[in-house]
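Colleague: Residue numbers (our numbering), protein chains in the order written: chain A, 4 to 261; chain B, 4 to 261. Where a beta carbon is used, it is the ideal one built from N, C-alpha and C, also for glycine. As the structure is a prediction and not an experimental result, all values here were calculated from the model. After the structure tokens below, expect a handful of questions from me.
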């Protein structure tokens, strides 16, 4: 049901409820323009003894800012919460330089990622004809220490969320990276071996393209993972055709087989 | 199938394939440590007339860097591609200051988001006992101009991807924001109205908590959306109980109903 409010149903609506929760942006104002009648409604509901709350996801103003804003438009709203920091003013959107000649946005690992870069990428992607590519969607980089290094996938997630568009992802395990070398060198997938250490990128990449896949245990995957894999019944895409302790062992076996 | 490579099957494996694709990190090296036998294998396969490709998602080195690296370890790899920029050295992970007293990571809209902040958040979140909160998951902020302003949801997407953890999201349409005011003010959901302009946050928020929901058409949603909603059969979570042109009209109807 989605019923229009009319003079027929408004009284019972008001009588049946004691609390009214309002979103602010787009409901009470499109700042600096206050929606006509907004203050009337708030004061009216207050006069009728209703409780009023304002629930906004806009965390760029402090409680004091909101209290002042309501006072300015003629409604006395009490505040009750800790303050949240405000720095939305730091971005002057009318000063953002955008180039209408852009035909492609490529999201990659970027140690200098910033809000302004994500804003520019998402804005260019508003035009449907702009191509959206991601170098890869690795969530993090392999490191040997205690630090989680965000990967290209973390940057890409931000651009994807802000733009509402889905990228074509070039890197493993996705198809484009295979197509480039297949076309360039006329490769036959059934005669090609993919050797890798990571199930969800390397092995999935090879399996997705119909290559023969070899897992080595010198990197991201160890022997106990392999044992788990052997018992796995459901998702076959990450299961290698072969595994071996490392490339050194493979070299030795090839040498010995002559 | 996931077969171990042995002296029994290695010959047919090599004979049946003409191309070998290698991932690098964790397969040929865990830099600066070269995997024993890696160069042997590459040279052996080359001697056997096999084509070799290196396919890595690690875009932080140039083609020249890789060519030099292969030459240094004793394999002559040709390069064939444009260069990609390299700036991974910009982050010295051993200089990142992490505080083991941190018990909660809160991801919010941050106009100063950076790689280092995402890295720190994801690293803290490696400890399972650290709470992961998001203020909200709004993908973008409402703006009147041509620019897409990324919302807290874009920042949160980066932290979620890098950490591999799912946050508890505080803002609309999620439950925590309701629980706070319900508990503080002892609200009765069946006697509470939520007024909002956005279906996926405001209206879903109210519906999720069992409130009566009123959609106004002064913000993110217009009359044609409402007509689409009325015909929508599947997802009911975003359909308001009532709609009205704006709060001014609601004030007027309430006034007139006295």
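Chain A partners of residue 254 of chain B, CB-CB under 7 Å?
Modeller: 40, 43, 44 and 47
Colleague: On a CA-only basis, which of B:34, B:21, B:61 and B:39 is nearest residue 173 of chain A? Give me that one, please.
Modeller: Closest by C-alpha distance to residue 173 of chain A, out of B:34, B:21, B:61 and B:39, is B:61.
Colleague: Helix, strand or coil: how does DSSP classify residue 42 of chain B here?
Modeller: helix
Colleague: My assumption, with CB atoms under 8 Å, is that residue 136 of chain B sits in contact with residue 171 of chain B. Please give the rounded CB distance.
Modeller: 5 Å
Colleague: Please confirm whether residue 240 of chain B has its beta-carbon closer than 8 Å to some beta-carbon of chain A.
Modeller: Among the residues facing chain A, residue 240 of chain B is not included, as its CB has no counterpart in that chain under 8 Å away.
Colleague: Given that residue 107 of chain A touches chain B, what residues does it touch there, using C-beta distances under 7 Å?
Modeller: Simply none; closest approach about 14 Å.
Colleague: From the DSSP secondary-structure annotation, give me the bridge partner or partners of residue 110 of chain B.
Modeller: B:137
Colleague: Look at residue 157 of chain A and residue 74 of chain B and say whether their C-beta atoms are less than 8 Å apart.
Modeller: Taking 8 Å as the Cβ cut-off, residue 157 of chain A and residue 74 of chain B do not qualify as a contacting pair.
Colleague: Can you look up residue 184 of chain B in the DSSP assignment and give me helix, strand or coil?
Modeller: helix
Colleague: Who are the neighbours of residue 131 of chain A on chain B, taking C-beta pairs under 8 Å?
Modeller: Under the 8 Å cutoff, chain B gives no residues; its nearest Cβ is about 13 Å from residue 131 of chain A.
Colleague: For residue 211 of chain A, go through chain B and note every residue whose CB falls closer than 8 Å to its CB, in chain order.
Modeller: By Cβ distance, chain B contributes nothing, its closest Cβ being about 13 Å from residue 211 of chain A, past 8 Å.
Colleague: Spatial neighbours of residue 242 of chain B within its chain, please: CB distance less than 6 Å, with the 5 preceding and 5 following residues excluded, ordered by chain position.
Modeller: 232
Colleague: Would you say residue 102 of chain A reaches chain B, if we count a Cβ-Cβ gap shorter than 8 Å as a contact?
Modeller: Residue 102 of chain A is outside the set of residues whose beta carbon lies under 8 Å from a beta carbon in chain B.
Colleague: Taking CB distances under 8 Å as the criterion, tell me whether residue 19 of chain A reaches chain B.
Modeller: For residue 19 of chain A, the nearest beta carbon of chain B is closer than 8 Å to its own beta carbon.
Colleague: In angstroms, rounded to a whole number, what distance separates the CA positions of residue 190 of chain A and residue 18 of chain B?
Modeller: For residue 190 of chain A and residue 18 of chain B, the distance between alpha carbons rounds to 16 Å.
Colleague: Can you tell me where the beta strand (DSSP E) holding residue 154 of chain B begins and where it ends?
Modeller: Run containing residue 154 of chain B: none; DSSP gives neither H nor E here.
Colleague: Quick one: Cα of residue 68 of chain B to Cα of residue 141 of chain B, how far?
Modeller: 41 Å
Colleague: Taking the beta carbon of residue 27 of chain A as the centre, do at least 16 other beta carbons fall within 10 Å, making it buried, or is it exposed?
Modeller: buried
Colleague: Taking DSSP as the reference, what is the three-state secondary structure of residue 214 of chain A?
Modeller: coil
Colleague: At a CB-CB cut-off below 7 Å, which residues of chain A make contact with residue 110 of chain B?
Modeller: Within chain A, no residue comes near residue 110 of chain B; the closest Cβ sits about 11 Å away, beyond 7 Å.
Colleague: Could you check where the beta strand (DSSP E) with residue 25 of chain A kicks off and where it finishes?
Modeller: The continuous beta strand (DSSP E) containing residue 25 of chain A extends over residues 22-25.
Colleague: Would you please verify whether the beta carbon of residue 175 of chain A is less than 8 Å from any beta carbon of chain B?
Modeller: yes
Colleague: Compare the C-beta of residue 71 of chain A against all C-beta atoms of chain B and say whether one is closer than 8 Å.
Modeller: no
Colleague: Kindly say whether residue 57 of chain B, judged by its beta-carbon, lies nearer than 8 Å to any beta-carbon of chain A.
Modeller: no
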